[in-house]
Amino acid sequence: MSIKDAIAGAGAKATGKRPWFFKDPDVERVMTITMAVAGELSVLRQRLDTVERLLEEKGSITRADIENFSPDKTAAAERGLWTEEYVARILRVMQQEREALEAMDDPASHEVGEELARED
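Just so we're aligned, residue 0 is where the sequence shown starts under numbering that gives the first Met the number 0, counting upward by one.
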């Protein structure tokens with residue numbers, strides 16, 4: 000594949016309207032770029048895990064060994080857990096903001112204390 004073909008393929012888009020999740024298009028763009036880089040890093044991490052496992056097992060490896068590797072149940076579970084934790088770290092700020100919005104209806108501890116003091 001030529002560089003021109005790779006660039007054209009990377010620029011391909013799905014048909015239909017693109018879904019938007021944020022009000023600000025700049026935030027949307029940054030999030031899209033961030034998630035694309037995060038996805039690439041996740042794939043790289045899995046590939047490195049493959050190389051490490053194969054080197055431990057065989058001592059030396061070929062590209063074919065890497066391409067043909069299929070993780071066993073234990074390795075797949077470890078990779079799955081790593082991926083879940085990785086995504087949680089990346090999106091932590093969004094999770095925290097969601098939790099803060101949900102907690103807005105909950106009274107602060109000092110408000111509960113003041114209410115209890117009035118009841119006495």
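For every residue, glycine included, the Cβ atom is placed at its ideal position computed from N, Cα and C.
Straight across, the Cα-Cα distance linking S108 with A99 is about 15 Å.
Counting only residues of its own chain and dropping the five nearest sequence neighbours on each side, A74 has a CB closer than 8 Å to the CB of D48, R52. In this chain, S59 is not harboured by any alpha helix (DSSP H), its DSSP state being neither H nor E. Closest by C-alpha distance to D64, out of I32, R17, V50, E27, is V50. Here the C-alpha atom of R17 lies approximately 23 Å from the C-alpha atom of D4. For M93, the uninterrupted alpha helix (DSSP H) segment begins and ends at 91-102.
Between I89 and A37, the gap from beta carbon to beta carbon is short of 8 Å. Note on geometry: alpha-carbon atoms of W19 and G112 lie some 42 Å from one another.
Taken through DSSP and simplified to helix, strand or coil, P70 comes out as coil.
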